[in-house]
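Asks:
Residue numbers (our numbering): 7 to 302.
1) Do residue 89 and residue 37 have their C-beta atoms within less than 8 Å of each other?
2) Within the same chain, show all residues whose beta-carbon is closer than 6 Å to that of residue 292, passing over the 5 residues directly before and after it, in chain order.
3) How should residue 107 be labelled, buried or exposed, when 16 other C-beta atoms within 10 angstroms of its C-beta is the threshold for buried?
4) For residue 174, collect the residues of the same chain with a Cβ closer than 6 Å to its Cβ; drop the 5 residues on either side in sequence, then sort them by chain order.
5) Mark residue 116 as exposed unless 16 or more other C-beta atoms lie within 10 angstroms of its C-beta, in which case mark it buried.
6) Of the residues 209, 214 and 179, which one's Cα is nearest the Cα of residue 198?
7) Secondary structure at residue 118, three-state DSSP: helix, strand or coil?
8) Could you round the C-beta distance between residue 190 and residue 202 to whole angstroms and report it? I think they count as a contact, below 8 Å.
9) Do you know offhand how far residue 296's Cα is from residue 259's?
10) Please state if the CB of residue 246 and the CB of residue 238 are separated by a distance shorter than 8 Å.
11) Take residue 221 and list the residues in its own chain whose beta-carbon comes closer than 7 Å to its own, dropping the five residues that flank it on each side.
12) Contact defined as beta carbons within less than 8 Å: I believe residue 279 pairs with residue 242. What is the distance between those atoms, to the nearest angstrom?
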(Lines of atoms letter the chains of each structure in order from A; the text may use other names.)
(Lines give C-alpha, C1' and ligand atoms only; values in the text may rest on other atoms or scores of the structure.)
Protein backbone atom coordinates (compact mmCIF):
# COMPACT_ATOMS: atom_id res chain seq x y z
CA UNK A 7 0.00 0.00 0.00
CA UNK A 8 1.23 3.52 -0.84
CA UNK A 9 2.15 5.67 2.15
CA UNK A 10 -0.16 8.67 1.70
CA UNK A 11 1.15 10.54 4.73
CA UNK A 12 4.23 11.53 2.74
CA UNK A 13 4.01 15.06 1.45
CA UNK A 14 3.90 15.20 -2.37
CA UNK A 15 6.96 16.63 -4.08
CA UNK A 16 6.94 19.54 -6.48
CA UNK A 17 7.12 18.04 -9.96
CA UNK A 18 6.88 20.07 -13.15
CA UNK A 19 3.78 19.12 -15.16
CA UNK A 20 3.69 20.26 -18.80
CA UNK A 21 1.04 20.05 -21.50
CA UNK A 22 2.91 19.36 -24.73
CA UNK A 23 2.09 19.15 -28.44
CA UNK A 24 2.23 15.99 -30.53
CA UNK A 25 5.52 17.21 -32.04
CA UNK A 26 7.16 17.64 -28.63
CA UNK A 27 5.72 14.28 -27.54
CA UNK A 28 7.35 12.75 -30.62
CA UNK A 29 10.67 14.37 -29.67
CA UNK A 30 10.62 12.75 -26.24
CA UNK A 31 9.81 9.21 -27.38
CA UNK A 32 13.41 8.50 -28.36
CA UNK A 33 14.77 8.98 -24.84
CA UNK A 34 13.12 5.89 -23.32
CA UNK A 35 10.98 7.65 -20.74
CA UNK A 36 8.04 5.77 -19.28
CA UNK A 37 4.82 6.27 -21.24
CA UNK A 38 1.36 5.80 -19.75
CA UNK A 39 -1.74 5.31 -21.92
CA UNK A 40 -4.71 6.10 -19.65
CA UNK A 41 -7.41 5.07 -22.14
CA UNK A 42 -9.50 1.96 -21.57
CA UNK A 43 -7.94 -1.44 -22.27
CA UNK A 44 -10.04 -2.01 -25.40
CA UNK A 45 -8.80 1.23 -26.99
CA UNK A 46 -5.23 0.39 -25.98
CA UNK A 47 -5.46 -3.03 -27.65
CA UNK A 48 -6.82 -1.48 -30.86
CA UNK A 49 -3.82 0.86 -31.08
CA UNK A 50 -1.36 2.74 -28.89
CA UNK A 51 1.96 4.56 -29.04
CA UNK A 52 4.83 2.07 -29.13
CA UNK A 53 6.33 1.29 -25.69
CA UNK A 54 3.31 2.77 -23.88
CA UNK A 55 1.90 0.95 -20.84
CA UNK A 56 -1.85 0.82 -20.31
CA UNK A 57 -2.75 2.50 -17.00
CA UNK A 58 -6.51 2.25 -16.64
CA UNK A 59 -7.37 0.41 -13.41
CA UNK A 60 -10.90 -0.94 -13.19
CA UNK A 61 -13.31 -1.40 -11.53
CA UNK A 62 -11.75 0.68 -8.74
CA UNK A 63 -9.62 3.70 -9.61
CA UNK A 64 -7.32 4.31 -6.65
CA UNK A 65 -3.66 4.93 -5.93
CA UNK A 66 -3.35 1.37 -4.67
CA UNK A 67 -4.74 -0.08 -7.91
CA UNK A 68 -2.37 2.15 -9.88
CA UNK A 69 0.49 1.05 -7.63
CA UNK A 70 -0.26 -2.61 -8.41
CA UNK A 71 -0.14 -1.99 -12.16
CA UNK A 72 3.01 0.12 -11.86
CA UNK A 73 4.80 -2.54 -9.84
CA UNK A 74 4.15 -5.02 -12.66
CA UNK A 75 5.56 -2.51 -15.15
CA UNK A 76 8.62 -1.93 -12.95
CA UNK A 77 9.28 -5.66 -12.70
CA UNK A 78 9.25 -6.02 -16.48
CA UNK A 79 10.63 -2.70 -17.74
CA UNK A 80 11.93 -0.67 -14.80
CA UNK A 81 15.63 -0.83 -15.63
CA UNK A 82 15.12 0.02 -19.30
CA UNK A 83 13.15 3.24 -18.77
CA UNK A 84 14.57 6.58 -17.65
CA UNK A 85 12.93 7.62 -14.35
CA UNK A 86 13.38 11.40 -14.64
CA UNK A 87 10.47 12.02 -17.02
CA UNK A 88 7.05 10.46 -17.57
CA UNK A 89 4.85 10.84 -20.66
CA UNK A 90 1.05 10.53 -20.43
CA UNK A 91 -1.60 10.57 -23.13
CA UNK A 92 -5.36 10.16 -23.27
CA UNK A 93 -8.19 10.24 -25.82
CA UNK A 94 -8.79 13.32 -27.95
CA UNK A 95 -12.29 13.70 -26.50
CA UNK A 96 -12.40 14.34 -22.76
CA UNK A 97 -13.65 11.28 -20.91
CA UNK A 98 -14.68 11.58 -17.21
CA UNK A 99 -13.21 8.19 -16.34
CA UNK A 100 -9.90 9.06 -18.03
CA UNK A 101 -9.87 12.36 -16.14
CA UNK A 102 -10.28 10.44 -12.89
CA UNK A 103 -7.46 8.09 -13.86
CA UNK A 104 -5.24 11.06 -14.76
CA UNK A 105 -5.85 12.87 -11.47
CA UNK A 106 -5.19 9.70 -9.47
CA UNK A 107 -2.09 8.84 -11.49
CA UNK A 108 -0.65 12.33 -10.98
CA UNK A 109 -1.17 12.06 -7.22
CA UNK A 110 0.46 8.64 -7.23
CA UNK A 111 3.48 9.84 -9.22
CA UNK A 112 4.02 12.84 -6.95
CA UNK A 113 4.08 10.56 -3.92
CA UNK A 114 5.88 7.51 -5.22
CA UNK A 115 8.90 8.47 -7.30
CA UNK A 116 12.01 10.11 -5.88
CA UNK A 117 13.68 10.37 -9.29
CA UNK A 118 10.78 11.88 -11.23
CA UNK A 119 11.29 15.52 -12.23
CA UNK A 120 8.85 16.18 -15.08
CA UNK A 121 5.50 14.89 -16.28
CA UNK A 122 4.54 15.62 -19.89
CA UNK A 123 0.89 15.29 -20.93
CA UNK A 124 -0.07 15.12 -24.62
CA UNK A 125 -2.68 17.80 -25.29
CA UNK A 126 -3.62 16.62 -28.79
CA UNK A 127 -4.94 13.19 -27.81
CA UNK A 128 -3.89 9.78 -29.10
CA UNK A 129 -6.00 10.08 -32.25
CA UNK A 130 -4.17 13.20 -33.48
CA UNK A 131 -0.78 11.70 -32.65
CA UNK A 132 -1.65 8.50 -34.52
CA UNK A 133 -2.82 10.52 -37.51
CA UNK A 134 0.55 12.29 -37.77
CA UNK A 135 2.85 9.46 -36.63
CA UNK A 136 1.12 6.17 -37.54
CA UNK A 137 4.49 4.43 -37.83
CA UNK A 138 5.14 5.07 -34.12
CA UNK A 139 1.88 3.41 -33.09
CA UNK A 140 1.00 -0.26 -32.90
CA UNK A 141 -1.70 -2.74 -31.93
CA UNK A 142 0.96 -5.00 -30.40
CA UNK A 143 2.70 -4.85 -27.04
CA UNK A 144 5.98 -5.58 -28.80
CA UNK A 145 8.36 -3.18 -30.52
CA UNK A 146 7.79 -2.61 -34.20
CA UNK A 147 10.62 -1.75 -36.57
CA UNK A 148 10.04 2.00 -36.43
CA UNK A 149 10.52 2.39 -32.68
CA UNK A 150 13.92 0.70 -32.97
CA UNK A 151 15.14 3.33 -35.43
CA UNK A 152 16.92 6.55 -34.46
CA UNK A 153 14.65 9.52 -35.13
CA UNK A 154 15.69 13.17 -35.52
CA UNK A 155 14.21 15.90 -33.33
CA UNK A 156 11.39 18.08 -34.65
CA UNK A 157 12.48 21.75 -34.66
CA UNK A 158 9.86 23.38 -36.89
CA UNK A 159 7.31 22.01 -39.35
CA UNK A 160 9.98 21.85 -42.08
CA UNK A 161 13.14 21.26 -40.07
CA UNK A 162 14.63 18.32 -38.17
CA UNK A 163 17.90 17.99 -36.23
CA UNK A 164 19.58 14.65 -35.64
CA UNK A 165 22.60 12.38 -35.68
CA UNK A 166 24.11 10.44 -38.57
CA UNK A 167 22.01 7.45 -37.44
CA UNK A 168 18.96 9.35 -38.70
CA UNK A 169 20.38 9.11 -42.23
CA UNK A 170 18.21 6.07 -42.75
CA UNK A 171 16.00 5.49 -45.77
CA UNK A 172 13.04 4.41 -43.65
CA UNK A 173 13.23 7.47 -41.40
CA UNK A 174 13.72 9.78 -44.38
CA UNK A 175 10.74 8.28 -46.18
CA UNK A 176 8.35 8.29 -43.21
CA UNK A 177 9.16 11.89 -42.25
CA UNK A 178 8.96 12.91 -45.92
CA UNK A 179 12.47 14.41 -45.78
CA UNK A 180 13.42 16.05 -49.10
CA UNK A 181 16.74 17.75 -48.27
CA UNK A 182 19.67 16.65 -46.10
CA UNK A 183 22.49 18.86 -44.83
CA UNK A 184 25.34 17.06 -43.06
CA UNK A 185 28.60 17.81 -41.23
CA UNK A 186 31.34 15.31 -40.39
CA UNK A 187 35.05 14.53 -40.63
CA UNK A 188 34.36 12.20 -43.55
CA UNK A 189 32.09 11.75 -46.53
CA UNK A 190 28.67 10.46 -45.44
CA UNK A 191 27.01 7.34 -46.77
CA UNK A 192 25.22 8.01 -50.03
CA UNK A 193 21.43 8.06 -49.89
CA UNK A 194 20.04 5.53 -52.36
CA UNK A 195 16.78 7.39 -52.87
CA UNK A 196 15.44 9.48 -55.72
CA UNK A 197 14.67 13.19 -55.37
CA UNK A 198 16.64 13.72 -52.15
CA UNK A 199 18.86 16.80 -52.34
CA UNK A 200 21.98 16.66 -50.19
CA UNK A 201 24.80 19.00 -49.24
CA UNK A 202 27.79 18.18 -47.04
CA UNK A 203 30.55 20.09 -45.24
CA UNK A 204 33.62 18.19 -44.07
CA UNK A 205 34.17 19.99 -40.77
CA UNK A 206 35.29 18.54 -37.43
CA UNK A 207 33.77 19.31 -34.05
CA UNK A 208 36.82 21.13 -32.70
CA UNK A 209 37.59 24.54 -31.24
CA UNK A 210 39.63 25.41 -34.34
CA UNK A 211 36.81 24.70 -36.82
CA UNK A 212 35.28 27.68 -38.57
CA UNK A 213 31.50 27.64 -38.90
CA UNK A 214 31.23 31.43 -39.01
CA UNK A 215 32.24 31.60 -42.67
CA UNK A 216 29.64 29.06 -43.74
CA UNK A 217 26.71 30.27 -41.60
CA UNK A 218 25.41 32.50 -44.43
CA UNK A 219 25.68 29.66 -46.96
CA UNK A 220 23.95 27.11 -44.74
CA UNK A 221 21.20 29.53 -43.74
CA UNK A 222 20.58 30.42 -47.39
CA UNK A 223 20.44 26.73 -48.39
CA UNK A 224 17.95 25.88 -45.63
CA UNK A 225 15.83 28.95 -46.38
CA UNK A 226 15.72 28.17 -50.10
CA UNK A 227 14.91 24.52 -49.45
CA UNK A 228 11.97 25.48 -47.23
CA UNK A 229 10.65 28.62 -48.91
CA UNK A 230 11.32 27.92 -52.60
CA UNK A 231 11.26 24.12 -52.75
CA UNK A 232 8.69 23.66 -49.97
CA UNK A 233 10.97 20.94 -48.64
CA UNK A 234 11.46 19.22 -45.31
CA UNK A 235 15.06 19.42 -44.12
CA UNK A 236 17.19 17.12 -41.99
CA UNK A 237 20.35 18.73 -40.61
CA UNK A 238 22.72 16.27 -38.97
CA UNK A 239 26.30 15.71 -37.83
CA UNK A 240 27.68 12.65 -36.03
CA UNK A 241 25.67 13.04 -32.81
CA UNK A 242 23.32 15.95 -33.51
CA UNK A 243 24.83 17.80 -30.58
CA UNK A 244 27.34 20.47 -31.65
CA UNK A 245 27.90 21.20 -35.36
CA UNK A 246 24.39 20.63 -36.69
CA UNK A 247 22.85 22.25 -33.60
CA UNK A 248 24.96 25.37 -34.24
CA UNK A 249 23.73 25.53 -37.84
CA UNK A 250 20.10 25.23 -36.71
CA UNK A 251 20.64 28.02 -34.17
CA UNK A 252 22.15 30.25 -36.86
CA UNK A 253 19.18 29.61 -39.14
CA UNK A 254 16.66 30.42 -36.40
CA UNK A 255 18.51 33.61 -35.47
CA UNK A 256 18.10 34.70 -39.08
CA UNK A 257 14.55 33.54 -39.70
CA UNK A 258 12.65 33.98 -36.44
CA UNK A 259 12.02 37.51 -35.15
CA UNK A 260 10.95 36.14 -31.76
CA UNK A 261 14.44 34.84 -31.00
CA UNK A 262 16.35 37.96 -30.01
CA UNK A 263 19.64 36.46 -28.83
CA UNK A 264 21.84 33.40 -29.19
CA UNK A 265 20.60 32.32 -25.77
CA UNK A 266 16.98 32.51 -26.96
CA UNK A 267 17.70 30.38 -30.02
CA UNK A 268 19.84 27.94 -28.03
CA UNK A 269 17.10 27.46 -25.41
CA UNK A 270 14.48 26.94 -28.11
CA UNK A 271 16.52 24.23 -29.83
CA UNK A 272 17.39 22.62 -26.49
CA UNK A 273 13.68 22.46 -25.64
CA UNK A 274 13.27 20.35 -28.77
CA UNK A 275 16.47 18.30 -28.40
CA UNK A 276 17.84 18.45 -24.88
CA UNK A 277 21.22 16.86 -25.68
CA UNK A 278 22.53 19.74 -27.81
CA UNK A 279 25.84 21.20 -26.66
CA UNK A 280 27.67 23.34 -29.23
CA UNK A 281 31.33 23.65 -28.33
CA UNK A 282 32.59 26.89 -26.81
CA UNK A 283 34.08 28.15 -30.06
CA UNK A 284 30.85 27.59 -32.00
CA UNK A 285 28.89 29.55 -29.38
CA UNK A 286 31.29 32.48 -29.75
CA UNK A 287 30.99 32.28 -33.53
CA UNK A 288 27.20 32.31 -33.20
CA UNK A 289 27.43 35.52 -31.14
CA UNK A 290 29.60 37.10 -33.84
CA UNK A 291 27.19 35.98 -36.54
CA UNK A 292 24.15 37.27 -34.64
CA UNK A 293 25.62 40.77 -34.24
CA UNK A 294 26.36 40.86 -37.97
CA UNK A 295 22.68 40.39 -38.85
CA UNK A 296 20.65 43.43 -39.89
CA UNK A 297 17.40 43.64 -37.94
CA UNK A 298 15.46 44.17 -41.15
CA UNK A 299 16.82 40.89 -42.43
CA UNK A 300 14.89 38.89 -39.88
CA UNK A 301 11.74 37.27 -41.20
CA UNK A 302 9.47 34.58 -39.82
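Ideal Cβ placement from N, Cα and C applies to all residues, glycine included.
Replies: The relevant details are as follows:
1) yes
2) 255 and 264
3) buried
4) none
5) exposed
6) 179
7) coil
8) 6 Å
9) 11 Å
10) yes
11) 252, 253 and 256
12) 10 Å between Cβ atoms; not a contact.
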